[in-house]
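Chains as they are written, first to last, in the numbering used here: chain A, 101 to 417; chain B, 4 to 295; chain C, 182 to 439.
Ideal Cβ placement from N, Cα and C applies to all residues, glycine included.
Here is the structure we will look at.
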Amino acid sequence: MKVLNKKNIITLIIVSVIYAVVQALLASGIISSFYEITIATICINIILAVSLNLVTGFTGQFSLGHAGFMSIGAYACALINLKMNSTAGFLVGIAAGAGAAALVGILIGIPTLRLKGDYLAIATLGMAEIIRVIFLNMDDITNGAAGLNGIPRFTSWLWLFVFTVFTLVIINNFVKSSQGRACISIREDEIAAESMGINTTKYKVMAFAIGAFFAGIGGALYSSYFYFISPTIFGFQKSIDILVIVVFGGMGSITGSVIAAILLAVITTMLQSYSELRMIIYAALLIAIMIFRPQGLMGTKEVTDLFKFRRKDAKVE
Amino acid sequence: MDQLLQQIVNGISLGSIYALIALGYTMVYGIIKLINFAHGDVYMVGAYVGFFVTTYTGLGFIPALIISMAACAVLGMTIEKVAYKPLRNSSRIAVLITAIGVSLLLEYIMMYFVGAKVKSYPNLLSGNVFKIGKIIIKTQQIYIVLTALVLMVILQYVVNKTKVGKAMRAVSADKDAAQLMGIKVDSTISFTFAIGSALAGAGGVLVGVYYNSIDPLMGMMPGLKAFVAAVFGGIGSIPGAMIGGLSIGMLETLVSGYGNSMYRDAAVFAFLILILILKPSGLLGKNTKEKV
Amino acid sequence: MSLLTVEKLTKSFGGLTAVSNVSMNIEKGELIGLIGPNGAGKTTIFNLLTGVYAPTSGRIKLETEEGKKEIGGLKPYNVTKIGLARTFQNIRLFKDLTVLDNIRIAMHQNVDYKLPSGLFRSNKFYDEEERLKKEAEKLLDIFKLAHKKQELAKNLPYGEQRHLEIVRAMATRPVLLLLDEPAAGMNPNETSNLTETIAKIRKEFDLTVLLIEHDMSLVMKICERIYVLDYGTMIASGKPEEIKNNKRVIEAYLGEDV
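Below, the structure is given as structure tokens:
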């Protein structure tokens, strides 16, 4: 099994250690339940940011509708979980939510991904709004504007961790595969990519669907943690929140999204009584980053690239 | 039949406002190929300026309108200088993200200082109504349509018969060539933002007067819908924005009147997606293809 | 054996006819030049051949293992699959990606694993990636770019960038290679390198080449036959000697008073 190479085993060990450490801190009460919310927010934001980064940062398709996919995952999981109040129900809910989101992603993607730049952005924004309005109007199922209450909580540190790692591993694997490289080439130069034999529509839709899939997971985890969801939570502001993380971390860097998700979750927690101030800071941050450092924190580099630099004379992989 | 005519009346009045906002979008897009996401929020600022002027100085409708338009013109030019000009050579996504940032900034700064709660305009225009058969036309609606018409006529004059207007058209067609011809591109762009923002400001005051309530997030939906209007009419085309605005106003009132009013926002977006897929250059726009 | 046949190809954009009734025939193994003044429509023909534009009328036929195929109107990625590859007039490398990645991307359609293998890292994935890397490095080696495989494409000197574009096109395993002004902006030394490279790839890869160029010395030196385009129509075709002395060609380039 070639997947059990040295690099992956080291990664597995590091990942297990992180899990164990945080689990211990939580169990012993060193991390209070207040900060537990921050951890949940961080994990869900990592999943959302990395999945958006796949679409916008790696494939270059500007999507402003990511919250729409999140909401599909959230509602699917919540509704299933309310009927099947068990861990099995929770997992079925996540699978259903992610699958539904991916399906909608394919359906939306095929007609809209032929649009470029600003037009695509507005079209995806419109799609997310249409989804929101649909959920708002499906009163008998989703309870409309009043939202769904009393969603059973199954999202624990274990599940948050498992799904965050799952997201990071799968998306990283995708990006470093030939299909992922095809997506990246679309970002670099779409016409050249087509001329090199890449079916750009197919790969744009693929990236979009995968991004939607994981956004669905994020939404499902959200609904099973915060007890309550309503269509307004998944509006344009949510999509912007995720976009800020991606831009701040660097469009095209998974590591960047992780770091930015952590930093911004901390800022959000610190500023939670001042939500307008937080938005003003986010807005100013967006503008400043675009003007002064458009590549964000990490640009398109990953944490492993930083290590490569030091070993200049070592054999390049 | 009367229902239909009533909806048409309402649609024209709503559409005039969308047209005023759409003009700003289309002119800015025509000249620097940017969707000014913050445009809807300039409209919101215009409404608030009008509110403050009329509430605290007791001035009437027309002075408030003019002051608001001037304030918005300045705001628009400032935004362009500070946020968009540094990014003239950046990627389109970068400028779009910045525009989103500016939009959020305006919204939340307004919220921070003025509060999120809705404010009411004082009564500025008479609440009279005309009745033609069973159709009700409010005087305010007439004011809206008339004001919009006057402003659009002035705009057409400026664009087609003045030197600045010619410069605007030249820069829209080919920025580099215009510069080589001695046109001051930077001031032309500033001027375009000024006019577009002034028109949006006027729209804001008209809405404040007609619907009576304003809030910091009021610019989002009308902004997006006006964008749809600009695209429908053909982005970059001034007559297109006018036609587009009226059409979207019509579409919205008809969906609201005959269908489900909750779906009216979704209807406008669905319409946008349809246009972008079927005929992205809109009614009067030009087809531009990337040179290979 | 005829490899590419173009019959009465026409392309109009609204009222403007960019290419009108153009016919060409290219035999397997030939090196053909396509010349003409700026704006004559040469790149438009490349765009038609590679699927970037769909013809308004006319036919384009390519000889493949499965017989003659009509490729006019096919999407670019399908045209590449069938065996046509191209370079661009204004270099279109994947600038922020490495030299190696530029090549690997061009090899994508020949990769033997599907999405799940990549996501879940099957053995097939590792094997194919290894094979891909070796093949890419081998290709780069032939063009003396192997030592720069981890460099970002945008950091290469201009001449090497043009070379890389050719290598990248080669990586799609074409039967017919279209080069759009490969010598543009090159000094005589670089042009001479390029000439060698083109000769080498023709021989080693059994390639047929169609070349757009303005550098007449290059064209006259290496092209076996030349087609001349002016204002979208074919005004002359033949061997270099014939073209050099063709009155219409001279008029097209220099104007009628010469």
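Look at G222(B) and G43(B) and say whether their C-beta atoms are less than 7 Å apart.
On the second sequence, position 219 is the one that residue 222(B) refers to. On the second sequence, position 40 is the one that residue 43(B) refers to. A contact, by the Cβ cut-off of 7 Å.
Among Q279(A), Y322(A), S323(A) and S330(A), whose alpha-carbon lies nearest the alpha-carbon of V305(A)?
Counted from its first residue, the first sequence places residue 305(A) at position 205. The shortest Cα separation from V305(A) among Q279(A), Y322(A), S323(A) and S330(A) belongs to Q279(A).
Within its chain, find whatever has a CB closer than 8 Å to the CB of K357(C); leave out the 5 residues flanking it on each side and keep chain order.
Walking along the third sequence from the start, residue 357(C) turns up at place 176. Checking the sequence shown, residue 357(C) turns out to be Leu, not Lys. Closer than 8 Å at Cβ, skipping near neighbours: L184, L185, I207, L243, G264, L265, A266, L388, T389, V390 and L391.
Out of curiosity, what's the CA-to-CA distance linking S330(A) and E332(C)?
The count along the first sequence starts at 1 and reaches residue 330(A) at position 230. The count along the third sequence starts at 1 and reaches residue 332(C) at position 151. Approximately 49 Å between the Cα atoms of the pair.
Could you confirm whether any beta carbon from chain B is found closer than 7 Å to the beta carbon of Y135(A)?
The residue given as residue 135(A) occupies position 35 in the first sequence. No, no contact with chain B.
Starting from V305(A), follow the alpha helix (DSSP H) in both directions and report where the run begins and ends.
Here residue 305(A) is taken as the residue at index 205 of the first sequence, counted from 1. Per DSSP, V305(A) belongs to the alpha helix (DSSP H) from T300 to F326.
CB contact check: F169(A) to chain C, cutoff 7 Å:
One-based indexing of the first sequence puts residue 169(A) at position 69. For F169(A), the answer is no, since every Cβ of chain C falls outside 7 Å of its Cβ.
Of all the options T245(C), M205(C), G210(C) and K209(C), which has the alpha carbon lying nearest to the alpha carbon of F227(C)?
Position 46 of the third sequence, counting from 1, holds the residue named residue 227(C). Selected option, being the one with the closest Cα: M205(C).
Under 7 Å by beta carbon: chain B residues contacting P66(A)
Since the first and last residues shown for chain A are 101 and 417, residue 66(A) lies out of range.
Determine, using beta carbons only, whether D405(A) comes closer than 7 Å to chain C.
The count along the first sequence starts at 1 and reaches residue 405(A) at position 305. No, D405(A) lies away from the interface with chain C (no Cβ there is under 7 Å from its Cβ).
Using a Cβ cut-off of 7 Å, pull out every chain B residue sitting near A140(A), in sequence order please.
The residue given as residue 140(A) occupies position 40 in the first sequence. Those within 7 Å of A140(A) in chain B number zero; the least Cβ separation is about 25 Å.
According to DSSP, which residues form a beta bridge with A417(C)?
Position 236 of the third sequence holds residue 417(C). Answer is V409(C).
Measure how close the beta-carbons of V204(A) and I172(A) come, nearest whole angstrom, since I'm counting them as under 8 Å.
Position 104 of the first sequence holds residue 204(A). Position 72 of the first sequence holds residue 172(A). The Cβ separation is near 6 Å, so the contact holds.
Considering only DSSP beta bridges, list what A266(C) is partnered with.
As a first step, residue 266(C) is located in the third sequence; it is residue number 85 there, counting from the start. Residue pairing for A266(C): DSSP places it in a beta bridge opposite L358(C).
Would the region 330-349 of chain A and the region 394-407 of chain A be scored as touching if the rule is three or more Cβ pairs under 8 Å?
yes
Write down every uninterrupted run of the alpha helix (DSSP H) in the region 343-397 of chain C whose length is 4 residues or greater and which is fully enclosed by it, in chain order.
369-386
Could you give the distance in angstroms between the alpha-carbon of D277(C) and the alpha-carbon of E288(A)?
Within the third sequence, numbered from 1, the residue matching residue 277(C) stands at position 96. Within the first sequence, numbered from 1, the residue matching residue 288(A) stands at position 188. Rounded to the nearest angstrom, the two C-alpha atoms are 7 Å apart.
In terms of alpha-carbon separation, which member of F336(A), A282(A), F407(A) and K338(A) lies closest to A287(C)?
Mapped onto the third sequence, residue 287(C) falls at position 106. Selected option, being the one with the closest Cα: A282(A).
Could you check where the beta strand (DSSP E) with L37(B) kicks off and where it finishes?
Here the question's residue 37(B) lines up with position 34 in the second sequence. No beta strand (DSSP E) contains L37(B), which DSSP labels as neither H nor E.
K166(B) - containing alpha helix (DSSP H), residue span
Within the second sequence, residue 166(B) is the residue found at index 163, counting from 1. That run of the alpha helix (DSSP H) goes K166 to A176.
Give the residues from the region 108-133 of chain B that approach chain A closer than 9 Å (Cβ to any Cβ), ordered along the chain.
L108, L109, E110, Y111, I112, M114, Y115 and A119
Hey, is A67(B)'s beta-carbon within less than 7 Å of any beta-carbon in chain A?
Here residue 67(B) refers to the residue found at position 64 of the second sequence. Cβ-Cβ to chain A under 7 Å: no for A67(B).
Can you tell me where the alpha helix (DSSP H) with S200(B) in it begins and where it stops?
Stepping through the second sequence from its first residue, residue 200(B) is reached at position 197. Counting along the chain, the alpha helix (DSSP H) containing S200(B) begins and ends at V188 to Y214.
At 4 residues or longer, and completely inside the region 220-256 of chain C: list those alpha helix (DSSP H) runs for me, N to C.
Those alpha helix (DSSP H) runs which fall completely within the region 220-256 of chain C and span 4+ residues are 223-230.
Any idea which residues DSSP pairs L333(C) with across the strands?
Within the third sequence, residue 333(C) is the residue found at index 152, counting from 1. Per DSSP, T279(C).
If we define contact as Cβ-Cβ less than 7 Å, is R411(A) a contact residue for chain B?
Looking up residue 411(A) in the first sequence gives position 311. The predicted model places R411(A) with a pLDDT of 48, which falls under 50 and marks its position as unreliable; any figure quoted below should be read in that light. No, R411(A) lies away from the interface with chain B (no Cβ there is under 7 Å from its Cβ).
Simplified DSSP assignment, three categories, for M205(C)
Reading the third sequence from its first residue, position 24 is the one you call residue 205(C). If DSSP states are grouped into helix, strand and coil, M205(C) belongs with the strands.
Are the beta-carbon atoms belonging to I146(A) and T255(A) less than 7 Å from one another?
Here residue 146(A) is taken as the residue at index 46 of the first sequence, counted from 1. Here residue 255(A) is taken as the residue at index 155 of the first sequence, counted from 1. In this structure, I146(A) lies away from T255(A), with their beta-carbon atoms at least 7 Å apart.
What's the call for N272(A), buried or exposed, on a 16-neighbour Cβ count within 10 Å?
Locating residue 272(A) in the first sequence gives position 172, where the first residue counts as 1. So N272(A) counts as buried.
Per the contact definition of three or more C-beta pairs closer than 8 Å, is the region 293-305 of chain A in contact with the region 282-300 of chain C?
yes
Kindly list the residues whose CB is nearer than 6 Å to the CB of F252(A), restricted to its own chain and excluding five residues on each side of it in sequence; keep chain order.
Residue 252(A) sits at position 152 when you count from the first residue of the first sequence. A small correction: the amino acid at residue 252(A) is Pro; Phe does not occupy that position in the sequence shown. Within the same chain, P252(A) has close Cβ partners N181 and N185.
What is the DSSP secondary structure of K314(C), counted as helix, strand or coil?
Translated into positions along the third sequence, residue 314(C) becomes position 133. K314(C): helix per DSSP, three-state reduction.
Applying the criterion that 16 or more other CB atoms from any shown protein chain within 10 Å of the CB defines a buried residue, is G195(C) buried or exposed?
In the third sequence, residue 195(C) corresponds to position 14, counting from 1. Only exposed fits G195(C), as fewer than 16 other CB atoms lie within 10 angstroms of its CB.
Kindly indicate which three-state DSSP category V200(C) falls into: helix, strand or coil?
Within the third sequence, numbered from 1, the residue matching residue 200(C) stands at position 19. DSSP places V200(C) in strand when its eight states are reduced to three.
Tell me, to the nearest whole angstrom, how far the beta carbon of L229(C) is from that of L190(C); I am working on the premise that it is less than 8 Å.
Sequence index remark: in the third sequence, residue 229(C) carries index 48 (1-based). Sequence index remark: in the third sequence, residue 190(C) carries index 9 (1-based). Contact flag correct, Cβ pair sits at about 6 Å.
Let me confirm a value: L281(B) is counted as buried when at least 16 other C-beta atoms fall within 10 Å, else exposed. Which label applies?
Mapped onto the second sequence, residue 281(B) falls at position 278. By the 10 Å Cβ count, L281(B) comes out exposed.
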